[in-house]
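First the structure, in the form of structure tokens, and then the observations on it.
There are 2 protein chains.
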Amino acid sequence: MVQNEIIESRIKNAAPFVGCPPDIIQGLLKNAALQNHKKGRLLFIHEDPADRYYFVVKGWVKLFRETLDGTQAVVDILGAGCFLGEKSVFQDGEYGYSAEIAEEAELVSLCTQDLKAELGKSHELALSMLRHMADQNKKQDMEIEHRALQTAPQRIACFLLRLVDQSQKGTVITHLPYDKTLIASRLGMQPETFSRALSKLKQETGIKVRGASVEVESVERLKNYTCQTCSSDFPCRDLLKKSG
Amino acid sequence: MVQNEIIESRIKNAAPFVGCPPDIIQGLLKNAALQNHKKGRLLFIHEDPADRYYFVVKGWVKLFRETLDGTQAVVDILGAGCFLGEKSVFQDGEYGYSAEIAEEAELVSLCTQDLKAELGKSHELALSMLRHMADQNKKQDMEIEHRALQTAPQRIACFLLRLVDQSQKGTVITHLPYDKTLIASRLGMQPETFSRALSKLKQETGIKVRGASVEVESVERLKNYTCQTCSSDFPCRDLLKKSG
DNA sequence: AGAGTGAATTGATCTTGGTCAAGGCAGTGA
DNA sequence: TCACTGCCTTGACCAAGATCAATTCACTCT
């Protein structure tokens, strides 16, 4: 059971599970499995019956929905430390979106039935899951606000601010975590718009971009440019709380 | 304690409280009070410490946030059967938005401390609150999708479809629940855009509008016009579940 | 009935981002 | 090294919705 120990060490401190007694954690992990997936692999499809949910150890997963007329809307891109499909337990046992591997990923696959069962047993688990859901809620709230009020360059700046360690002074260098096209879809814009908006952002805030690496000369300047049209002060409240 | 009985009868079957044992309900209502408020009354402000949360018995409440540069973004408009401010319990005891009476309203004001205490005691309450939060989540998901993919006339049509009893055949007549300006802000558009989009909708789907009353000749035609750009079939899943 | 108020409509113009088309650039594989 | 592929960028044009300004409409108050 070496694999199980690895899984346990990675997952037991994840947001929805903190503070749970060990036997509940064991119950949750009863049917867990560590998996590796290649880019492009489809994990599940919107409205399919949900038997598994997942925890991201490494890599990136794209969540999206498809409309009747075929358009694809990206819901989120999840990285290490995030869960996906876990909310199906409260939503008639169906997935609320489709999920596809965006960059080669290592996942823990878990059983939704186990989650349901343990939720019924453990009050602690229910409470931390509640906190987790509330955080998700807040995150979506901000997403709605951002999409409504921010311009394309501001949305990119906001994305960058969330990448950099905000406590740092002076010049900071970061790397875009995945393709620009994917970032664009994550931010709800077209690749062309992303490209142009990034150019504008360079002019306006003095950042420098070469390939995937971004040099932010003054975090302050980025904040001034972006956070005016936001209802909460920077650093954003949801930054410290991870898990999708 | 006549007032308490009135309150209890109205609130005990609300989504987050269903299936709770009577003593827990009593605990929740310990510091409850029935209130009447005039239009324009500010209930609480974004990021203020949250001591009360509310249940809407009658009327309409506007939820919104204000950005640093003064723009107001409407989060939602809540009617009878909805809660507001209840999520503060999981969000560091702060309100996630400001709330203002949009149309003369009757509310039950409840104590967040009591909610917190009872959540700690009752596993049932935690579980139904969890379901409630999941529904909210789904609702927000749809909101994001709609704002991204629907045109202004489609958003209005979607709003109308949610007003009419969808099972009805033939011509249906509804009434807009509040001012057009308010509906516009709820749908994230300007009043002018709303007006023009409504005209277009009249042409395209044959609906008739006079003042606040709307005559829908064919619900089917409205669906065809709107639901193409949506990822879930009509009738939308979230329709049956109320409570904001 | 008439004045006054706020909501709603309409027109003209502008801005943002989307769409379509054409290249450019970087990494891969023979 | 050279083609091939996919990602990214750039340009020209378009469409949706925002903005600004001017009425018009509906309702209340006197």
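Going down the list, the sequences are from chains A and B.
Counting the first sequence from 1 gives a position; the working numbering is that position plus 732.
Counting the second sequence from 1 gives a position; the working numbering is that position plus 732.
In this text, a Cβ means the ideal position worked out from N, Cα and C, and glycines have one as well.
Computed from a predicted model, the values in this text were never measured in an experiment.
Under the three-state DSSP convention, the category residue i falls into
i: A:H769; result: strand
i: A:A747; result: helix
i: B:E740; result: helix
i: B:S975; result: Any reading at B:S975 must be qualified, since the residue scores a pLDDT of 47, below 50, and its modelled position is unreliable; the value itself is stated next. Coil at B:S975, not helix or strand.
i: B:H907; result: strand
i: A:Y829; result: coil
i: A:C752; result: coil
i: B:F815; result: strand
i: B:F822; result: helix
i: A:A764; result: coil
i: B:Q872; result: helix
i: B:L919; result: coil
i: A:N956; result: helix
i: A:D965; result: coil
i: A:D808; result: strand
i: B:G943; result: coil
i: A:V896; result: coil
i: B:L859; result: helix
i: A:G791; result: strand
i: A:A880; result: helix
i: B:L839; result: strand
i: B:L798; result: The sequence shown places Glu at residue 798 of chain B, not Leu. It is a strand residue.
Residue-chain proximity (residue i, chain B), Cβ-Cβ < 8 Å
i: A:R784; result: no
i: A:T913; result: no
i: A:I738; result: no
i: A:D873; result: yes
i: A:C890; result: no
i: A:C962; result: yes
i: A:C814; result: no
i: A:R894; result: no
i: A:T958; result: no
i: A:R797; result: yes
Within 8 Å, strictly: CB atoms of residue i and residue j
i: A:L919; j: A:R887; result: yes
i: B:E949; j: B:G938; result: yes
i: A:L761; j: A:N736; result: yes
i: B:A837; j: B:H778; result: no
i: A:A849; j: A:G817; result: no
i: B:L851; j: B:Y785; result: no
i: B:V951; j: B:Q868; result: no
i: B:L810; j: B:V789; result: no
i: A:Q882; j: A:T961; result: yes
i: B:G813; j: B:S820; result: no
i: B:K932; j: B:P885; result: yes
i: B:I876; j: A:E877; result: no
i: B:L893; j: B:K794; result: no
i: B:Q823; j: A:A889; result: no
i: B:S854; j: B:P754; result: no
Within-8 Å CB hit, residue i to chain A
i: B:C968; result: no
i: B:T906; result: no
i: B:R773; result: no
i: B:K974; result: Here the model assigns B:K974 a pLDDT of 47, short of 50, so the residue's position is not dependable, and the following value carries that caveat. Chain A contact via Cβ: absent.
i: B:H778; result: yes
beta-carbon residue i near the ligand FMN non-hydrogen atom, thresh 7 Å
i: B:N869; result: As presented, the structure is devoid of all ligands, the ligand FMN included, so that no description of it is given.
* Asked: Between the segment 834-847 of chain A and chain B, which residues of the former have CB atoms less than 7 Å from a CB of the latter, in chain order?
  -> none
* Within 9 Å of chain A by C-beta, residues of the segment 917-929 of chain B in sequence order -> G920
* Quick one: which residues of the segment 817-834 of chain A get their C-beta closer than 7 Å to a C-beta of chain B? List them in chain order. => K819, F822, Q823, G828
* Taking a cut of 8 Å between CB atoms, which residues from the segment 801-812 of chain A lie near chain B? -> D801, T803, A805, V807
* Interfacial residues, the segment 853-886 of chain A to chain B, with Cβ spacing under 7 Å -> Answer in chain order: H855, A858, L859, M861, L862, R863, M865, A866, Q868, N869, K870, Q872, D873, E875, I876, E877, R879, A880, L881.
* To do: Give a yes or no on contact between the segment 826-836 of chain B and the segment 930-945 of chain B, applying the rule of three or more CB pairs nearer than 8 Å.
  => No, the segment 826-836 of chain B is not in contact with the segment 930-945 of chain B.
* Three or more C-beta pairs below 8 Å linking the segment 803-815 of chain A and the segment 750-761 of chain A -> With a cut-off of 8 Å, the segment 750-761 of chain A and the segment 803-815 of chain A do not count as touching, because too few Cβ pairs lie within range.
* **Touch test, the segment 748-755 of chain A against the segment 845-861 of chain A, Cβ-Cβ under 8 Å, three pairs minimum** => Contact annotation: the segment 748-755 of chain A touches the segment 845-861 of chain A, with at least three C-beta pairs closer than 8 Å.
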